[in-house]
DNA sequence: ACTTAATCGAGACGGTACGTCGCGTCTTCAC
DNA sequence: GTGAAGACGCGACGTACCGTCTCGATTAAGT
């Protein structure tokens with residue numbers, strides 16, 4: 031029992047270069063800013079990273095896997111939109127949606143989001159694993175803010191917060207993919223309905 | 031989708047075969063049940079439809095356009111999930127989500143949804159036009175049901191119903207793409223929050 | 031009976047482009063002047079010919095086959111060395127060897143000869159067929175000159191002239207491959223021994 | 031391959047290196063029996079020899095060099111065809127050609143001959159040096175036999191014997207490369223013409 | 001009936017990217 | 001301080017599709 035597995039994975043030969051691995055991710059992130067998933071090629075990534083094509087295929091099984099790891103591990107400068115916590119959930123969410131609309135609907139972010147989806151929408155089981163695990167990163171922020179509101183008694187307890195974040199976040203993700211930023215009234219309604227829906231019984235606007 | 035012919039006597043030579051056009055759509059629908067967008071090739075479609083490749087390119091500009099028209103014009107047996115109108119919005123939506131989960135999360139539907147997204151997520155402006163216009167077909171059903179509830183006074187008036195349908199529908203679409211059906215509690219929370227959020231002032235469960 | 035088989039090989043689809051076929055051979059000939067067989071690539075040939083790589087693989091099974099057809103069908107400007115017929119076999123052969131040494135041992139010709147051998151020395155049965163059929167083109171000239179001498183009674187009849195041409199020609203071919211032109215005395219001895227060996231009985235120098 | 035004697039225990043330098051060197055040559059010889067030069071890879075040699083790739087590149091500059099050294103230094107079981115010296119040159123040469131045809135035209139020998147040529151036909155100057163120096167090994171035997179005949183007065187003196195060996199040997203080498211054994215009459219003519227061509231003046235068959 | 005012209009299925013075309021393989025070099029660990 | 005093992009950068013391989021072009025055959029509409 032004390033004897034761990036080790037003899038089987040005994041280091042032989044030159045170890046894989048973590049530097050190359052990282053260089054590929056960074057090169058991919060750099061390229062994804064300006065070109066679409068379709069136009070991105072493994073050869074281009076290899077050239078940009080100063081790496082042999084085979085090295086890429088040694089780490090990832092195909093282009094989709096490279097792109098997914100690049101975007102999911104946050105190699106990009108695609109900053110998370112800030113979600114404040116002033117104690118007023120509705121106001122915070124409205125602030126969030128506004129900055130979302132103004133900051134996230136840039137050509138570069140839209141392109142990356144599309145690349146993420148294009149890479150994710152493969153029939154590969156490994157891919158599904160990774161995606162359903164990581165989900166979309168923004169989700170974490172939202173869940174955290176909602177939990178804080180819950181503890182503070184701002185919203186009624188017991189709701190499945192992942193469903194609530196989906197109701198709030200997923201519409202923005204789809205609008206992002208389509209490329210058309212939603213109007214302000216649309217966003218306000220979204221926040222309003224969800225916040226109302228979460229209010230403790232008897233509360234009113 | 032296809033460009034119309036002017037009523038003028040420009041019609042010279044052999045007319046385009048509407049049968050071929052339809053055969054392509056049907057062949058595509060047939061193939062999309064079992065293979066992914068990536069594995070689908072124009073040559074394969076042409077072979078399945080018993081049609082020349084050029085005939086496809088005479089009607090559509092590329093593979094994405096064929097797939098989009100196939101899925102958007104409902105060539106598939108991907109039936110719309112029924113949304114009843116009993117007068118009880120919450121109950122109806124819960125019924126809808128349940129059948130959604132049990133009927134829509136089949137491998138074939140998931141595959142088609144992914145193909146739709148893969149085809150839609152191109153940088154092509156024409157594609158965006160079509161998609162943002164058609165949106166997803168289910169949306170229509172939802173909006174209609176909500177409007178009926180609004181008229182009946184079941185929900186408070188003045189809400190942007192497209193935002194509400196987004197809050198309800200988009201989360202299901204994303205779960206569909208990922209391939210994992212949501213749990214029942216998740217769906218219940220989603221419906222509950224939205225329905226509460228729409229209730230007229232002062233009402234309670 | 032007048033009705034030939036024809037329906038089976040009925041022309042369907044776009045016919046293969048003989049122009050492309052020829053362009054490949056010419057491009058290969060052009061490239062072989064300056065670069066070695068090893069450095070020659072199918073991609074380079076395709077680029078030089080303005081042809082898709084697949085077109086090359088549609089006509090030939092590999093690089094060796096392209097090179098062989100190029101050299102064997104005489105696409106190159108590798109002119110045959112002249113072999114005069116003055117009636118004096120020994121003098122004619124000496125003239126021939128001299129021009130051989132001075133004209134054939136150029137870098138370009140040496141390179142082509144090596145390419146021919148490199149391409150020919152594959153284990154492919156089809157290749158052997160082609161080579162043993164075509165042999166080396168010079169052989170024809172020699173056989174013809176010897177036959178003329180035989181008819182004229184210059185040499186004793188009944189010899190296997192292909193063996194004689196081998197004795198005379200093959201040594202030059204091997205020297206060509208090695209790249210070192212033989213000395214004049216060497217060539218003289220070669221011609222001398224063979225011509226003496228062919229003389230009718232009782233003749234002397 | 032067994033462990034070396036430990037006479038000198040000061041083996042700080044290269045305890046196994048000469049063994050590795052030899053192992054590579056033997057492995058190459060073993061492989062060349064069955065696979066062509068093209069299909070032979072350095073990695074395969076290394077694996078067969080139980081040696082690291084770098085060890086090969088420490089001794090030779092590339093694959094061609096390994097193959098050349100293997101074949102030129104006679105690591106193979108490609109035995110030299112025996113050339114008797116009974117005092118009758120014509121009879122000896124006929125014996126030699128006959129055993130040549132029956133023994134040398136085996137698939138294994140043909141394959142090795144082709145590999146030798148494939149390796150030799152590189153543009154590398156060092157390679158040319160080695161080849162033109164070593165020539166083909168059989169040459170030595172022939173020259174020796176001819177010199178013996180010359181001393182014995184069997185043939186007229188003063189001929190450039192390297193040219194004569196070329197006339198006799200090179201045709202066999204080329205037939206070997208093509209892979210088709212010559213007929214008996216062909217060989218007889220070859221020997222006959224050369225031997226006659228070497229006879230002292232006035233002699234006759 | 002006869003031309004004209006656009007269509008049809010078929011498949012080759014010039015390209016581009018794929019994923020693999022081999023070269024010759026570099027880098028680790030074990031002996 | 002070598003040597004095996006094997007990853008590295010590089011680049012060619014042969015294949016697969018793309019979207020276009022070119023065949024002979026087919027099909028109306030306009031002579």
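Protein chains in written order, with our numbering: chain A, 31 to 235; chain B, 31 to 235; chain C, 31 to 235; chain D, 31 to 235.
Using N, Cα and C, we set each Cβ at its ideal position, and we do this for glycine too.
In the three-state reduction of the DSSP assignment, residue 191 (chain C) falls in the helix class, which pools H, G and I. Residue contact with chain B for residue 204 (chain A): present (Cβ-Cβ distance below 8 Å to some residue of chain B). Per the C-alpha coordinates, the member of C:125, C:52, C:78 positioned closest to residue 99 (chain C) is C:52. Taking CB atoms only, residue 194 (chain A) has a neighbour in chain B less than 8 Å away. At least one C-beta of chain C is nearer than 8 Å to the C-beta of residue 220 (chain D).
Scanning the segment 94 to 173 of chain A for uninterrupted alpha helix (DSSP H) segments of 4 residues or longer gives 119 to 129, 137 to 150, 155 to 164, listed from N- to C-terminal end.
Chain A places a beta carbon closer than 8 Å to that of residue 68 (chain B), counting this residue as a contact.
Interface flag for residue 90 (chain C) against chain D is unset, since no Cβ pair is found closer than 8 Å. Contact between the segment 175 to 194 of chain B and the segment 190 to 200 of chain A is not established, with fewer than three Cβ pairs separated by less than 8 Å. Burial state of residue 58 (chain D) is buried, judged by a 10 Å Cβ sphere holding 16 or more other Cβ atoms. For residue 116 (chain A), same chain residues with a beta-carbon under 7 Å away, outside a window of 5 residues either side, are 122 in chain order. Within chain D, the C-beta atoms nearer than 7 Å to that of residue 190 (chain C) come from 215, 216, 219, in chain order. For chain D, the residues of the segment 142 to 157 of chain C that bring a beta carbon within less than 7 Å of one of its beta carbons are 144, 147, 148, 151, 152, 153, in chain order.
The alpha-carbon of residue 120 (chain B) is positioned some 7 Å away from that of residue 222 (chain B). When only Cα atoms are considered, residue 198 (chain C) and residue 142 (chain D) end up about 25 Å apart. Contact note: residue 226 (chain C) reaches chain D through 226, 227, using a C-beta cutoff of 7 Å and chain order.
Here residue 227 (chain C) is buried, its C-beta having at least 16 other C-beta atoms within 10 Å. The beta carbon of residue 124 (chain A) sits closer than 8 Å to the beta carbons of 217, 218, 221 from its chain, once the five residues preceding and following it are set aside; these are given in chain order. Nothing from the segment 108 to 124 of chain D brings a Cβ to less than 9 Å from some Cβ of chain C. If you draw a straight line from the Cα of residue 196 (chain C) to the Cα of residue 43 (chain A), it comes to about 53 Å. Residue 200 (chain C) is classed as buried because its beta carbon has at least 16 other beta carbons within 10 Å across all chains shown. Between the alpha carbons of residue 171 (chain C) and residue 112 (chain C) lies a distance of about 9 Å.
Within chain B, no C-beta atom comes nearer than 9 Å to that of residue 45 (chain A); the closest sits roughly 33 Å away. Within its own chain, the residues whose Cβ lies closer than 8 Å to the Cβ of residue 128 (chain B), once the five positions on either side in sequence are excluded, are 214, 217, listed in chain order. The alpha-carbon of residue 76 (chain A) is positioned some 18 Å away from that of residue 106 (chain A). Residue burial annotation: residue 46 (chain A) is exposed, with fewer than 16 other C-beta atoms found within 10 angstroms of its C-beta. Residue 208 (chain C) and residue 151 (chain D) have their C-alpha atoms some 8 Å from each other.
8 Å or more divides the Cβ of residue 91 (chain B) from the Cβ of residue 70 (chain B). DSSP places residue 91 (chain C) outside both helix and strand once states are collapsed to three, so it counts as coil. DSSP, reduced to helix, strand and coil, places residue 72 (chain C) within a helical segment of the structure shown. Interface with chain A (8 Å Cβ-Cβ cutoff): residue 134 (chain B) is excluded. A distance below 7 Å between beta-carbons, with the five flanking residues on each side excluded, links residue 114 (chain D) to the following residues of its chain, in chain order: 122, 125. With a minimum length of 4 residues, the unbroken runs of alpha helix (DSSP H) contained wholly in the segment 40 to 70 of chain A fall at 48 to 64. For residue 221 (chain C), the secondary structure class from DSSP, reduced to helix, strand or coil, is helix.
Inclusion of residue 73 (chain C) and residue 83 (chain C) in the CB contact set at 8 Å is warranted, their separation being smaller than that value.
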